[in-house]
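Residue numbers (my numbering), protein chains in the order written: chain Z, 1 to 253; chain F, 254 to 506.
Protein chains: 2
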Amino acid sequence: MQLDPYNTDSLKEGSSIKIFSPEFAKANRPEPEIDPESPTRDRLLLAACHVFSKNGYHDSTISEISKLAKANIAAVNYHFGDKQNLYLQTIKYAFKITTDKYDPNGNLPETAPARDRLTARITALIRPSFDLGPAGYTKELFAWEMGVPTGLFDQFVKEVLEPLKNQFHAMLRELLGPDCTQDDVHLCGFSIISQCHSPLLRMHVRKILLKYRPSVADVNFIIEHVIDFSLAGIESRKRIIAKRKQTNDSPDS
Amino acid sequence: MQLDPYNTDSLKEGSSIKIFSPEFAKANRPEPEIDPESPTRDRLLLAACHVFSKNGYHDSTISEISKLAKANIAAVNYHFGDKQNLYLQTIKYAFKITTDKYDPNGNLPETAPARDRLTARITALIRPSFDLGPAGYTKELFAWEMGVPTGLFDQFVKEVLEPLKNQFHAMLRELLGPDCTQDDVHLCGFSIISQCHSPLLRMHVRKILLKYRPSVADVNFIIEHVIDFSLAGIESRKRIIAKRKQTNDSPDS
DNA sequence: CTCCTTTTCAAATGATTATTTGAATTGTAT
DNA sequence: ATACAATTCAAATAATCATTTGAAAAGGAG
Chain Z
1 MQLDPYNTDS
11 LKEGSSIKIF
21 SPEFAKANRP
31 EPEIDPESPT
41 RDRLLLAACH
51 VFSKNGYHDS
61 TISEISKLAK
71 ANIAAVNYHF
81 GDKQNLYLQT
91 IKYAFKITTD
101 KYDPNGNLPE
111 TAPARDRLTA
121 RITALIRPSF
131 DLGPAGYTKE
141 LFAWEMGVPT
151 GLFDQFVKEV
161 LEPLKNQFHA
171 MLRELLGPDC
181 TQDDVHLCGF
191 SIISQCHSPL
201 LRMHVRKILL
211 KYRPSVADVN
221 FIIEHVIDFS
231 LAGIESRKRI
241 IAKRKQTNDS
251 PDS
Chain F
254 MQLDPYNTDS
264 LKEGSSIKIF
274 SPEFAKANRP
284 EPEIDPESPT
294 RDRLLLAACH
304 VFSKNGYHDS
314 TISEISKLAK
324 ANIAAVNYHF
334 GDKQNLYLQT
344 IKYAFKITTD
354 KYDPNGNLPE
364 TAPARDRLTA
374 RITALIRPSF
384 DLGPAGYTKE
394 LFAWEMGVPT
404 GLFDQFVKEV
414 LEPLKNQFHA
424 MLRELLGPDC
434 TQDDVHLCGF
444 SIISQCHSPL
454 LRMHVRKILL
464 KYRPSVADVN
474 FIIEHVIDFS
484 LAGIESRKRI
494 IAKRKQTNDS
504 PDS
């Protein structure tokens with residue numbers, strides 16, 4: 001078999017190294033501590049969090065998950081029916097762990113100033129990206145869901161994320177003032193959420209583009225920046241809204 | 254077999270519908286027009302762009318790709334050696350198509366004002382997200398790469414993206430002024446790139462969260478917003494830099 | 001203890017799919 | 001036209017995995 005025409009100039013020399021092999025170090029999070037005394041079902045869920053986060057749905061094998069959970073290979077099908085349902089339950093499980101630790105509202109009442117609520121929300125969205133424990137799994141799983149358009153995502157959005165989005169938009173509307181339009185809210189929301197859920201915050205991307213394991217101070221620094229950057233953007237949008245209103249109130253005369 | 258304990262409350266009623274089945278409509282881009290006269294290798298690359306974009310690496314089968322390319326199933330292995338190398342060449346191919354159509358520098362010379370260069374860069378980064386033709390494949394493939402930490406990504410970053418990032422940081426440094434630090438540049442760069450590469454701009458996410466097929470006016474609206482929002486963020490950062498300098502110049506006295 | 005249900009287990013099944021093979025076909029240079 | 005290399009093709013191979021099976025073990029109620 002000829003090798004020349006394959007244009008393998010991007011393969012490492014030797015050309016037999018598999019790109020997807022572990023030789024190209026992945027920035028894996030540490031394996032979770034799984035209590036061997038806990039029920040098989042729970043062990044499977046925690047192991048599944050880890051494996052699905054690491055590999056996504058299709059690269060994860062039931063074999064790997066049950067091995068990590070120290071359960072038999074048939075245990076997944078017994079407890080969850082099939083792999084798909086395990087995946088579904090895993091996402092819910094992970095999401096609960098994350099929101100239990102990082103409250104999207106940061107314990108603030110609905111009546112707190114919008115600015116404070118926005119600060120709390122941004123913080124709660126960014127922190128899990130730097131959490132190496134189980135609270136960090138949601139971010140990874142969500143990133144996979146962004147990649148893999150499954151019906152599951154639609155459903156999860158409607159059930160769980162939609163209410164959170166509505167709260168978020170309410171904050172923005174309050175900050176942008178009474179003359180803001182739906183578009184104003186959507187656009188500012190887009191800019192802020194994009195920063196909080198940025199792929200650049202994912203561990204294996206950080207490894208290349210940012211500091212791999214930022215200190216607590218670094219993380220706070222990033223959060224403060226996103227808040228400041230976003231508030232500045234909102235202020236700018238407010239000026240646009242004001243100018244628009246002025247133009248509309250005094251039409252061509 | 255018992256079904257109760259599976260906690261299938263999130264499965265559609267009937268419970269036999271497969272979540273990953275096409276029944277949950279994916280927001281697929283239209284199939285590319287593949288010239289049947291063009292060489293098999295090119296037909297395969299274009300077909301691979303489409304299939305890999307749609308399904309990611311592991312969900313894509315050589316069978317599906319060769320069928321779309323109207324080539325024999327053995328053609329991939331003949332022309333590219335194996336699936337991995339096909340994937341590699343596909344990413345390069347897609348990236349070239351995209352940058353040929355959307356020049357990262359928008360034809361501007363290095364000497365153009367930083368503000369204009371930034372505007373051009375943001376535009377070139379966002380537009381492909383709304384391109385349903387071949388120039389849109391890069392965005393999808395990159396999104397997959399964000400999900401799958403392969404060595405390929407490291408390599409592609411170094412070879413191709415690093416130089417572009419350096420140009421980008423130079424613009425920011427120019428805009429932030431002489432007193433800005435590396436951190437200032439990194440943080441602003443992070444905020445801007447996160448918006449331009451936002452998962453929220455991906456077609457199947459847009460389908461849920463934004464307008465599915467925005468008009469040209471909508472796209473321009475979004476681009477203008479990101480530019481404005483980002484410039485406001487940069488201005489804010491400049492004020493922080495100025496304040497920091499002031500504090501440093503007149504230490505506790 | 002006995003009966004019954006729930007859970008675990010090792011091995012088998014069945015489906016999918018990347019890759020190989022060797023023959024057939026096409027294209028090209030002499 | 002002939003020889004030779006490049007390309008295409010259908011069928012076979014081999015590996016991987018999700019899922020099933022049926023027996024064994026554990027647990028609980030009477």
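Virtual Cβ for every residue (Gly too), placed ideally from N, Cα, C. Bear in mind the structure is a predicted one, so any value in this text is a computation, not a measurement.
Straight-line measurement puts the Cα of Z/Asn107 at about 18 Å from the Cα of Z/Phe95.
F/Tyr355 is positioned such that its CB atom lies closer than 7 Å to that of F/Arg380. With fewer than 16 other Cβ atoms from the protein chains shown falling within 10 Å of its own Cβ, Z/Asn248 counts as exposed. By the CB criterion at 7 Å, Z/His169 and Z/Val157 fall outside the cutoff. F/His450 sits in coil when the DSSP states are folded into three classes, being neither helix nor strand.
F/Glu488 reaches chain Z at Ala232, counting residues in chain order whose Cβ is nearer than 7 Å. F/Ile315 and F/Pro285 have their C-alpha atoms some 17 Å from each other. Closer than 7 Å to the CB of F/Phe305 there is not a single CB belonging to chain Z. The closest CA to that of Z/His225, considering only F/Leu297, F/Arg490, F/Leu378 and F/Asn325, is found on F/Arg490. Straight across, the Cα-Cα distance linking Z/Ser191 with Z/Ala135 is about 24 Å.
One finds Leu453 in chain F with Cβ atoms closer than 7 Å to the Cβ of Z/Ile193, taken in chain order. By the CB criterion at 7 Å, Z/His50 and F/His311 fall outside the cutoff. In this structure the stretch 358-374 of chain F lies against the stretch 425-432 of chain F, because at least three pairs of beta carbons, one per stretch, are closer than 8 Å. Taking C-alpha positions only, Z/Glu235 is separated from Z/Glu140 by approximately 32 Å. DSSP, reduced to helix, strand and coil, places F/Ser489 within a helical segment of the structure shown. In the three-state DSSP reduction, F/Ser444 falls in the helix class (H, G or I). Residue environment: Z/Ser38 is assigned as exposed (fewer than 16 neighbouring CB atoms within 10 Å of its CB, all protein chains considered). Beyond the five residues adjoining it in sequence on each side, F/Gly386 comes within less than 8 Å, by CB distance, of Pro285 in the same chain, given in chain order. Taking the CA atoms as reference points, F/Thr351 sits about 18 Å from F/Met399. Cα atoms of F/Glu415 and F/Met424: separation of roughly 14 Å, rounded to the nearest angstrom. The three-state reading of DSSP puts F/Ile344 in helix, counting H, G and I together. The criterion of a C-beta distance shorter than 7 Å is satisfied by F/Phe482 and Z/Gly233. Taking F/Gln448 as the centre and dropping the five residues before and after it, the same chain places the C-beta of Val479 closer than 6 Å to its C-beta, in chain order. Closest by C-alpha distance to F/Asp471, out of F/Ser382, F/Phe333, F/Lys496 and F/Lys498, is F/Ser382. Scanning chain F for C-beta atoms nearer than 9 Å to the C-beta of Z/His169 yields nothing, as the closest lies near 11 Å away.
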